[in-house]
Amino acid sequence: MDIAVIGSNMVDLITYTNQMPKAGETLEAPDFAIGCGGKGANQAVAAAKMGGSVMMVSKVGDDLFAPNTVANLKQQGVDTEFVTIAPGTSSGVAPIFVDDQSQNRILIIKGANQQLKPADIDAAAEALKACQLIILQLEIPLETVYYAIDFARQHDIKVILNPAPAVANLDIDYACKCDFFMPNETELEILTSMPVGTDDEVKRAGQVLLKRGLKNLIITLGGRGSLWMSGDHLHHVAPTTVQAVDTSGAGDAFIGCFAHELVKTGDIAASMAQASAYAACSVTGRGTQRSYPDAETFQRFLNLN
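Terminal number for the sequence shown in full-length UniProt numbering: 305, no gaps in between.
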(Lines of atoms letter the chains of each structure in order from A and count residues from 1; the text may use other names and numbers.)
(Lines give C-alpha, C1' and ligand atoms only; values in the text may rest on other atoms or scores of the structure.)
Protein backbone atom coordinates (compact mmCIF):
# COMPACT_ATOMS: atom_id res chain seq x y z
CA MET A 1 0.00 0.00 0.00
CA ASP A 2 1.14 3.58 -0.73
CA ILE A 3 -1.30 5.52 1.49
CA ALA A 4 -2.67 4.73 4.95
CA VAL A 5 -5.61 6.61 6.41
CA ILE A 6 -5.80 6.31 10.20
CA GLY A 7 -9.14 7.78 11.11
CA SER A 8 -12.89 7.86 11.24
CA ASN A 9 -15.83 6.41 9.41
CA MET A 10 -19.42 7.55 9.82
CA VAL A 11 -22.87 6.56 8.62
CA ASP A 12 -24.73 9.61 7.31
CA LEU A 13 -28.47 9.49 8.03
CA ILE A 14 -29.83 12.25 5.82
CA THR A 15 -33.38 13.57 6.12
CA TYR A 16 -34.57 16.09 3.53
CA THR A 17 -37.38 18.22 4.92
CA ASN A 18 -39.42 21.25 3.91
CA GLN A 19 -39.79 22.34 7.52
CA MET A 20 -37.96 21.60 10.75
CA PRO A 21 -40.27 20.27 13.50
CA LYS A 22 -40.84 22.22 16.67
CA ALA A 23 -40.42 20.65 20.11
CA GLY A 24 -42.94 17.81 20.45
CA GLU A 25 -44.06 18.08 16.81
CA THR A 26 -44.10 15.24 14.27
CA LEU A 27 -43.83 16.12 10.59
CA GLU A 28 -43.63 14.04 7.43
CA ALA A 29 -40.41 14.51 5.44
CA PRO A 30 -40.26 13.99 1.67
CA ASP A 31 -36.96 12.10 1.35
CA PHE A 32 -34.30 10.16 3.24
CA ALA A 33 -30.91 8.70 2.32
CA ILE A 34 -28.18 6.69 4.02
CA GLY A 35 -24.63 7.47 3.01
CA CYS A 36 -21.15 6.38 4.02
CA GLY A 37 -19.06 9.21 5.40
CA GLY A 38 -16.60 10.23 8.07
CA LYS A 39 -13.56 12.35 7.30
CA GLY A 40 -11.12 9.46 7.34
CA ALA A 41 -13.22 7.18 5.15
CA ASN A 42 -13.99 10.03 2.76
CA GLN A 43 -10.30 10.79 2.27
CA ALA A 44 -9.46 7.12 1.82
CA VAL A 45 -12.21 6.66 -0.78
CA ALA A 46 -11.18 9.78 -2.72
CA ALA A 47 -7.57 8.60 -2.94
CA ALA A 48 -8.65 5.08 -3.91
CA LYS A 49 -11.09 6.28 -6.57
CA MET A 50 -8.26 8.23 -8.16
CA GLY A 51 -6.32 4.99 -8.43
CA GLY A 52 -4.32 5.11 -5.21
CA SER A 53 -3.28 2.03 -3.26
CA VAL A 54 -4.97 2.79 0.06
CA MET A 55 -5.40 1.01 3.40
CA MET A 56 -7.44 2.19 6.36
CA VAL A 57 -7.03 1.75 10.11
CA SER A 58 -10.43 2.41 11.68
CA LYS A 59 -13.13 1.11 14.03
CA VAL A 60 -16.72 0.20 13.27
CA GLY A 61 -19.43 -0.57 15.80
CA ASP A 62 -20.98 -3.82 16.86
CA ASP A 63 -24.20 -3.08 14.97
CA LEU A 64 -26.03 -3.42 11.66
CA PHE A 65 -24.21 -0.44 10.11
CA ALA A 66 -20.76 -2.04 10.40
CA PRO A 67 -20.96 -4.67 7.61
CA ASN A 68 -22.21 -2.07 5.13
CA THR A 69 -19.42 0.36 6.07
CA VAL A 70 -16.73 -2.27 5.53
CA ALA A 71 -18.35 -3.52 2.32
CA ASN A 72 -18.52 0.02 0.98
CA LEU A 73 -14.83 0.66 1.65
CA LYS A 74 -13.91 -2.58 -0.11
CA GLN A 75 -16.14 -1.73 -3.05
CA GLN A 76 -14.40 1.64 -3.38
CA GLY A 77 -10.99 -0.03 -3.47
CA VAL A 78 -9.82 0.56 0.11
CA ASP A 79 -8.01 -2.24 1.96
CA THR A 80 -9.99 -2.98 5.14
CA GLU A 81 -7.82 -5.57 6.87
CA PHE A 82 -7.38 -3.19 9.81
CA VAL A 83 -10.95 -1.89 10.01
CA THR A 84 -12.05 -3.73 13.14
CA ILE A 85 -15.13 -4.00 15.36
CA ALA A 86 -15.40 -2.27 18.74
CA PRO A 87 -17.53 -4.74 20.79
CA GLY A 88 -20.63 -3.34 22.49
CA THR A 89 -20.30 0.03 20.75
CA SER A 90 -22.39 1.75 18.08
CA SER A 91 -20.87 2.78 14.79
CA GLY A 92 -20.21 6.46 14.28
CA VAL A 93 -23.34 8.12 12.91
CA ALA A 94 -24.27 11.56 11.68
CA PRO A 95 -28.00 12.39 11.58
CA ILE A 96 -28.24 15.20 9.02
CA PHE A 97 -31.31 17.36 8.44
CA VAL A 98 -31.42 19.34 5.19
CA ASP A 99 -34.14 21.95 4.68
CA ASP A 100 -35.53 23.31 1.42
CA GLN A 101 -32.94 26.11 1.46
CA SER A 102 -30.14 23.48 1.51
CA GLN A 103 -29.20 24.48 5.06
CA ASN A 104 -27.83 21.60 7.13
CA ARG A 105 -28.27 20.73 10.80
CA ILE A 106 -25.94 17.91 11.81
CA LEU A 107 -25.43 15.83 14.94
CA ILE A 108 -22.24 13.78 15.27
CA ILE A 109 -22.06 10.62 17.39
CA LYS A 110 -18.46 9.36 17.20
CA GLY A 111 -19.32 5.90 18.55
CA ALA A 112 -16.66 3.32 17.66
CA ASN A 113 -14.32 6.03 16.35
CA GLN A 114 -13.63 6.90 19.98
CA GLN A 115 -12.28 3.38 20.46
CA LEU A 116 -9.49 3.68 17.89
CA LYS A 117 -6.42 3.43 20.11
CA PRO A 118 -2.61 3.33 19.79
CA ALA A 119 -2.83 -0.46 20.09
CA ASP A 120 -4.66 -0.50 16.74
CA ILE A 121 -1.69 1.25 15.14
CA ASP A 122 0.64 -1.31 16.68
CA ALA A 123 -1.54 -4.09 15.27
CA ALA A 124 -1.19 -2.62 11.77
CA ALA A 125 2.48 -1.64 12.20
CA GLU A 126 4.02 -3.89 9.55
CA ALA A 127 1.53 -2.80 6.89
CA LEU A 128 1.92 0.86 7.86
CA LYS A 129 5.71 0.69 7.58
CA ALA A 130 5.34 -0.16 3.89
CA CYS A 131 3.32 3.02 3.19
CA GLN A 132 4.74 6.26 1.81
CA LEU A 133 2.13 8.53 3.40
CA ILE A 134 -0.21 8.54 6.42
CA ILE A 135 -3.32 10.76 6.56
CA LEU A 136 -4.83 11.77 9.91
CA GLN A 137 -7.85 13.78 11.07
CA LEU A 138 -9.37 14.61 14.47
CA GLU A 139 -12.53 12.48 14.63
CA ILE A 140 -10.53 9.93 16.63
CA PRO A 141 -8.84 10.39 20.05
CA LEU A 142 -5.96 12.87 20.10
CA GLU A 143 -3.74 10.33 21.86
CA THR A 144 -4.10 8.08 18.81
CA VAL A 145 -3.33 10.94 16.43
CA TYR A 146 -0.18 11.84 18.37
CA TYR A 147 0.89 8.20 18.57
CA ALA A 148 0.47 7.84 14.79
CA ILE A 149 2.57 10.95 14.18
CA ASP A 150 5.36 9.58 16.37
CA PHE A 151 5.11 6.22 14.60
CA ALA A 152 5.42 7.92 11.21
CA ARG A 153 8.44 9.95 12.30
CA GLN A 154 10.11 6.84 13.69
CA HIS A 155 9.68 5.03 10.36
CA ASP A 156 10.28 8.00 8.03
CA ILE A 157 6.74 8.08 6.64
CA LYS A 158 5.28 11.38 5.42
CA VAL A 159 2.21 12.66 7.31
CA ILE A 160 -0.76 14.82 6.36
CA LEU A 161 -2.69 16.12 9.37
CA ASN A 162 -6.13 17.52 8.64
CA PRO A 163 -7.18 19.30 11.88
CA ALA A 164 -10.87 18.62 11.42
CA PRO A 165 -13.01 19.07 13.32
CA ALA A 166 -10.75 21.73 14.80
CA VAL A 167 -9.99 21.61 18.51
CA ALA A 168 -8.43 24.58 20.25
CA ASN A 169 -6.27 22.32 22.44
CA LEU A 170 -4.48 20.65 19.51
CA ASP A 171 -0.77 20.37 20.32
CA ILE A 172 0.85 22.46 17.59
CA ASP A 173 4.22 20.90 18.44
CA TYR A 174 2.81 17.62 17.15
CA ALA A 175 1.46 19.37 14.07
CA CYS A 176 4.98 20.63 13.42
CA LYS A 177 6.19 17.01 13.21
CA CYS A 178 3.89 16.51 10.20
CA ASP A 179 4.93 17.17 6.63
CA PHE A 180 1.61 18.82 5.74
CA PHE A 181 -0.91 20.60 7.95
CA MET A 182 -4.16 21.08 6.03
CA PRO A 183 -7.00 23.09 7.68
CA ASN A 184 -9.79 25.00 6.01
CA GLU A 185 -10.23 28.68 6.85
CA THR A 186 -12.73 28.00 9.65
CA GLU A 187 -10.36 25.56 11.31
CA LEU A 188 -7.52 28.05 10.88
CA GLU A 189 -9.62 30.65 12.69
CA ILE A 190 -10.32 28.28 15.61
CA LEU A 191 -6.67 27.26 15.92
CA THR A 192 -5.31 30.81 15.85
CA SER A 193 -8.24 32.86 17.27
CA MET A 194 -7.63 35.25 14.38
CA PRO A 195 -10.00 36.54 11.67
CA VAL A 196 -9.80 34.86 8.26
CA GLY A 197 -12.39 36.80 6.27
CA THR A 198 -9.94 38.09 3.66
CA ASP A 199 -6.91 36.62 1.90
CA ASP A 200 -4.60 38.94 3.85
CA GLU A 201 -6.15 37.81 7.14
CA VAL A 202 -5.71 34.16 6.13
CA LYS A 203 -2.04 34.80 5.39
CA ARG A 204 -1.49 36.56 8.72
CA ALA A 205 -3.14 33.70 10.61
CA GLY A 206 -1.10 31.20 8.63
CA GLN A 207 2.14 33.00 9.48
CA VAL A 208 1.35 32.60 13.18
CA LEU A 209 1.33 28.82 12.74
CA LEU A 210 4.39 28.81 10.49
CA LYS A 211 6.34 30.68 13.14
CA ARG A 212 5.56 27.82 15.51
CA GLY A 213 7.49 25.52 13.15
CA LEU A 214 5.05 24.06 10.62
CA LYS A 215 6.74 22.73 7.48
CA ASN A 216 3.94 23.06 4.92
CA LEU A 217 0.61 24.73 5.60
CA ILE A 218 -2.07 24.17 2.96
CA ILE A 219 -5.33 26.03 3.63
CA THR A 220 -8.45 25.12 1.68
CA LEU A 221 -10.60 28.19 1.06
CA GLY A 222 -13.72 26.81 -0.60
CA GLY A 223 -14.74 29.05 -3.46
CA ARG A 224 -11.50 31.01 -3.10
CA GLY A 225 -9.25 28.08 -3.93
CA SER A 226 -6.36 26.95 -1.75
CA LEU A 227 -3.15 28.44 -0.37
CA TRP A 228 0.22 26.79 0.29
CA MET A 229 2.49 28.53 2.78
CA SER A 230 5.99 27.31 3.64
CA GLY A 231 8.58 29.62 5.14
CA ASP A 232 8.37 32.77 3.00
CA HIS A 233 6.86 30.83 0.10
CA LEU A 234 3.26 31.50 -0.95
CA HIS A 235 1.42 29.64 -3.69
CA HIS A 236 -2.27 30.19 -4.43
CA VAL A 237 -4.38 27.82 -6.52
CA ALA A 238 -7.47 29.41 -8.03
CA PRO A 239 -10.75 27.51 -7.73
CA THR A 240 -12.38 25.65 -10.59
CA THR A 241 -15.72 27.36 -11.18
CA VAL A 242 -18.71 25.02 -11.16
CA GLN A 243 -22.39 25.09 -10.28
CA ALA A 244 -22.32 23.59 -6.78
CA VAL A 245 -25.09 21.20 -5.77
CA ASP A 246 -23.74 19.94 -2.43
CA THR A 247 -20.42 21.01 -0.87
CA SER A 248 -20.40 18.22 1.74
CA GLY A 249 -17.06 16.41 1.83
CA ALA A 250 -15.31 18.72 -0.62
CA GLY A 251 -12.39 19.25 1.76
CA ASP A 252 -11.99 15.49 2.16
CA ALA A 253 -12.07 15.09 -1.63
CA PHE A 254 -9.26 17.66 -1.88
CA ILE A 255 -7.10 15.87 0.68
CA GLY A 256 -7.63 12.40 -0.78
CA CYS A 257 -6.81 13.52 -4.30
CA PHE A 258 -3.84 15.60 -3.09
CA ALA A 259 -2.42 12.59 -1.26
CA HIS A 260 -2.70 10.37 -4.32
CA GLU A 261 -1.11 12.95 -6.61
CA LEU A 262 1.66 13.73 -4.12
CA VAL A 263 2.64 10.07 -3.82
CA LYS A 264 2.55 9.73 -7.60
CA THR A 265 4.45 12.90 -8.57
CA GLY A 266 6.02 14.49 -5.48
CA ASP A 267 4.94 17.89 -6.90
CA ILE A 268 3.08 19.87 -4.22
CA ALA A 269 1.79 22.69 -6.45
CA ALA A 270 0.61 20.33 -9.19
CA SER A 271 -1.02 18.07 -6.61
CA MET A 272 -2.91 21.07 -5.20
CA ALA A 273 -4.15 22.03 -8.66
CA GLN A 274 -5.47 18.52 -9.30
CA ALA A 275 -7.01 18.36 -5.83
CA SER A 276 -8.76 21.71 -6.28
CA ALA A 277 -10.33 20.54 -9.53
CA TYR A 278 -11.28 17.19 -7.99
CA ALA A 279 -13.01 18.91 -5.07
CA ALA A 280 -14.87 21.15 -7.54
CA CYS A 281 -16.04 18.10 -9.47
CA SER A 282 -17.27 16.52 -6.23
CA VAL A 283 -19.59 19.41 -5.37
CA THR A 284 -21.53 18.98 -8.61
CA GLY A 285 -23.16 15.86 -7.11
CA ARG A 286 -25.07 15.06 -3.94
CA GLY A 287 -23.49 13.46 -0.89
CA THR A 288 -19.87 12.83 -0.02
CA GLN A 289 -18.26 9.59 -1.22
CA ARG A 290 -20.88 8.94 -3.88
CA SER A 291 -20.10 12.35 -5.41
CA TYR A 292 -16.38 11.59 -5.75
CA PRO A 293 -15.42 10.80 -9.35
CA ASP A 294 -13.18 7.93 -10.35
CA ALA A 295 -10.09 8.74 -12.41
CA GLU A 296 -11.86 8.30 -15.76
CA THR A 297 -14.82 10.50 -14.79
CA PHE A 298 -12.45 13.10 -13.37
CA GLN A 299 -10.47 13.21 -16.60
CA ARG A 300 -13.66 13.88 -18.54
CA PHE A 301 -14.41 16.72 -16.10
CA LEU A 302 -10.95 18.20 -16.67
CA ASN A 303 -11.39 18.00 -20.44
CA LEU A 304 -14.59 20.04 -20.17
CA ASN A 305 -13.12 22.59 -17.77
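A virtual CB, placed ideally from N, CA and C, is assigned to each residue, including glycine.
At 3 residues or longer, what runs of the beta strand (DSSP E) sit wholly inside the segment 109-154? 133-136
So for R286, helix, strand or coil by DSSP? coil
Can we say the segment 77-85 touches the segment 47-59, given the rule of at least three CB pairs closer than 8 angstroms? yes
Same chain only: Cβ atoms within 6 angstroms of A244, ignoring 5 sequence neighbours per side: V283
For the pair the segment 78-95 and the segment 6-15, tell me if three or more CB-CB distances fall below 8 angstroms. yes
Determine the direct distance from the alpha carbon of D267 to that of A223, and round the result to whole angstroms. The identity of residue 223 in the sequence shown is Gly, whereas the question assumes Ala. Taking the straight line from one Cα to the other gives about 23 angstroms.
Quick one: give me the first and last residue of the alpha helix (DSSP H) that C257 is part of. 250-265
L191 versus G206: straight-line alpha-carbon distance, rounded: 10 angstroms
Considering K74, what are the terminal residues of the beta strand (DSSP E) in which it resides? Premise fails: K74 lies in the alpha helix (DSSP H), 65-75, not in any beta strand (DSSP E).
Can the beta-carbon of A259 be found less than 7 angstroms from the beta-carbon of I135? yes
For L223, three-class secondary structure by DSSP: Leu is not the amino acid found at residue 223; the sequence shown has Gly there. Helix, per DSSP.
List the residues that DSSP assigns as beta-bridge partners of G35. D12
Distance, A164 Cα to A269 Cα: 22 angstroms
Could you give the DSSP three-state label for T247: helix, strand or coil? coil
Residues bridged to A4 (per DSSP): M55, I134
Verify whether the separation of the beta carbon atoms of I219 and L227 is less than 7 angstroms. yes
Taking one C-beta from the segment 149-167 and one from the segment 123-133 each time, how about it: are there three or more such pairs within less than 8 angstroms? yes
Backbone CA spacing between A4 and V263 [nearest angstrom]: 12 angstroms
On the three-pair Cβ rule with 8 angstroms, is the segment 15-29 touching the segment 273-280? no
If you follow the alpha helix (DSSP H) that K203 is in, where does it begin and where does it stop? 199-212
Report the CB separation of F181 from L214 in whole angstroms; it is logged as a contact under 8 angstroms. 5 angstroms
How about G38 and M10: are their beta carbons less than 7 angstroms apart? yes
Suppose the cutoff is 6 angstroms on Cβ atoms and the five residues either side in sequence are ignored; what does the same chain contact list for F254 look like? T220, A275, A279
E25: first and last residue of the uninterrupted beta strand (DSSP E) it sits in: E25 -> no beta strand (DSSP E), and no H or E assigned at all.
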